[in-house]
Amino acid sequence: MPFAPTALALILPDGVARYVGLLTAQPDVVAGTYAELADSEYVRVTHDAWVDLDLGDGLGARANDGAIAFPGVVDDDTTISHWAIFDAAVAGNMLAVGPLLNLAGEPEPQLVATNVQPRLNDGELRLLTEAL
């Protein structure tokens with residue numbers, strides 16, 4: 009279900025730091041529990057540049073403007089399934105979450121090998137909204 013444009017502007021205001029994290033399982037948004045990537049080099053990545061997209065058919069999106077690159081995984085291969093946006097670098101509130109998608113747009117967890125740097129390319133992290 010899409011966000012209202014005004015709600016989306018509060019979640020992802022341009023120029024305000026938000027922290028993007030990687031999850032290893034489907035979070036329980038009602039209980040507020042989630043399994044964040046556990047690696048000695050892992051940190052949430054600060055991102056503050058968002059762009060509005062017109063997707064047609066009355067839908068829009070707010071997406072990352074620029075890649076979001078995480079430190080390389082060093083401890084062990086791991087699987088990530090979701091991204092999440094937080095209001096703090098550690099703990100804090102999860103503001104939005106979504107699954108990682110394959111090229112067909114279907115949810116698909118991704119194996120990240122040791123010494124590989126996970127990243128969300130420009131525009132890959134999208135929150136849907138009514139047309140902007």
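Each residue of the sequence shown is one higher than the last, beginning at 9 in this note's numbering. Every residue, glycine too, gets a C-beta built ideally from N, C-alpha and C. Predicted model only: the values in this text are computed from it and were never measured.
Query raised in the report: What's the gap between the Cα of Leu119 and the Cα of Pro126?
Result: Their backbone Cα atoms lie some 10 Å apart in a straight line.
Requested in this report: Taking only the alpha-carbon atoms, compute the straight-line gap between Leu45 and Ala112 and give it to the nearest angstrom.
Outcome: Leu45 and Ala112 have their C-alpha atoms spaced approximately 25 Å apart.
Report task. May I ask you to report which of helix, strand or coil DSSP gives Thr14? Result -> Assignment of Thr14 by DSSP, reduced to helix, strand and coil, places it in the helix class.
Query - 6 Å Cβ shell around Ala57 - same chain, five flanking residues per side excluded - result: So the qualifying residues of the chain are Asp73 and Gly74.
Query raised in the report: Which residues does DSSP pair with Leu128 in a beta bridge?
Result: Leu128 pairs with Ile76.
Query raised in the report: What residues are listed by DSSP as bridge partners for Pro115?
Result: Per the DSSP secondary-structure output, Pro115 pairs in a beta bridge with Leu109.
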